[in-house]
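Just so you know, the sequence shown maps onto residues 266 to 456 in our numbering.
A virtual CB, placed ideally from N, CA and C, is assigned to each residue, including glycine.
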Amino acid sequence: MLPADMVWRPSTGIGYEHVKVREENNQILIDSIVIGSQNTNDIFRVKYDIVLDKSWVTRAVAIRYLGEDQVLRLSSDGNGIWKDEQGQVIPELSGCVDIDLSCTSFTNTLPINRLSYEPLQQQEIQVVYISAADLSYKQVEQNYTLLESGKESSVFRYQSGNFTENITVDSNGIVVLYPNLFYREMGPDAR
């Protein structure tokens with residue numbers, strides 16, 4: 266699977282995301298640029314980098330708006346302890362292993378690859394939800410359930426709060442289709 270180059274588009278509106286995934290020094294490195302519009306006059310350019318260990322456990326994330334000074338950097342010990350850029354523990358994120366970045370469907374790939382699934386068995390997790398709009402973060406509960414497992418693709422039910430959607434992933438567990446939000450246009454098994 267690795268290295269991989271992929272492109273997603275939003276289902277509505279304008280935008281693109283280009284993600285590069287590669288392995289280096291026993292880590293999985295994700296490098297992405299997202300260009301989109303929150304409304305007709307507000308175009309944004311977001312750059313994010315994620316460092317994972319070989320088990321798809323998030324160890325670090327950095328996100329910033331291109332052309333602006335504000336950067337959010339968080340690191341994790343891989344066991345639910347998160348720190349800010351100054352090395353201070355962030356107690357409100359205690360227990361989170363994965364991240365969910367609001368401007369991308371790619372981060373749904375992280376728990377899908379990290380966890381083991383049995384058909385129709387729900388996996389409840391706590392994640393660090395990061396808003397790309399203002400770089401704020403909070404802990405949220407998410408649930409993933411394997412609905413269909415195939416040789417070339419699988420379907421997971423994703424739930425968070427009152428939101429539910431069925432996400433299709435390729436044979437590598439990488440999001441191909443997030444209905445009504447994103448679809449993968451380029452890359453292995455693009456739809």
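Identity of the residues DSSP links to residue i by a beta bridge
i, result
"Glu-389", "Asn-408"
"Phe-421", "Leu-411, Ile-432"
"Arg-324", "According to DSSP, which records beta bridges pairwise, Arg-324 is partnered with nothing at all."
"Asp-318", "Gln-292"
"Lys-348", "Ser-340, Val-354"
"Val-309", "A small correction: the amino acid at residue 309 is Phe; Val does not occupy that position in the sequence shown. Answer is Gly-301, bridged to Phe-309."
Simplified DSSP state of residue i, which is helix, strand or coil
i, result
"Leu-331", "coil"
"Leu-380", "coil"
"Phe-447", "strand"
"Leu-400", "coil"
"Glu-357", "helix"
"Arg-456", "Residue placement at Arg-456 cannot be trusted, given a pLDDT of 49 that sits under 50; what the coordinates show is reported in the next sentence. Here Arg-456 sits in coil by DSSP."
Proximity below 9 Å, CB of residue i to CB of residue j
i, j, result
"Arg-310", "Ile-295", "no"
"Leu-339", "Val-286", "no"
"Ser-370", "Gln-404", "no"
"Leu-317", "Leu-375", "yes"
"Ile-346", "Val-354", "yes"
"Ala-397", "Ser-425", "no"
"Cys-361", "Gln-391", "yes"
"Thr-433", "Arg-422", "no"
"Ile-328", "Ile-279", "no"
"Thr-315", "Thr-372", "Checking the displayed sequence, the identity of residue 315 turns out to be Ile instead of Thr. For Ile-315 and Thr-372, yes; Cβs fall inside 9 Å."
Candidates the options, of which the one nearest residue i by Cα
i, options, result
"Arg-379", "Met-451, Tyr-409, Gly-415", "Tyr-409"
"Ser-414", "Ala-398, Glu-406, Asn-431", "Asn-431"
"Val-420", "Arg-274, Ser-401, Leu-442, Trp-273", "Leu-442"
"Lys-348", "Gly-301, Ile-300, Ala-325, Gly-332", "Ala-325"
"Glu-357", "Tyr-313, Leu-331, Tyr-402", "Tyr-402"
"Tyr-448", "Arg-274, Asp-270, Asn-427", "Arg-274"
"Lys-416", "Asp-270, Asn-427, Asp-435, Gln-407", "Asp-435"
Minimum Cβ-Cβ distance from residue i to chain D less than 9 Å
i, result
"Val-354", "Note that chain D does not occur in the displayed structure, where there is just one protein chain."
Local Cβ density within 10 Å of residue i, reported as buried at 16 or more and exposed below that
i, result
"Arg-456", "Residue placement at Arg-456 is poorly supported in this model, since its pLDDT is 49, which falls under 50; the coordinates still yield a value, given next. Exposed, because fewer than 16 other Cβ atoms sit within 10 Å of the Cβ of Arg-456."
"Pro-444", "exposed"
"Ser-341", "buried"
"Met-451", "exposed"
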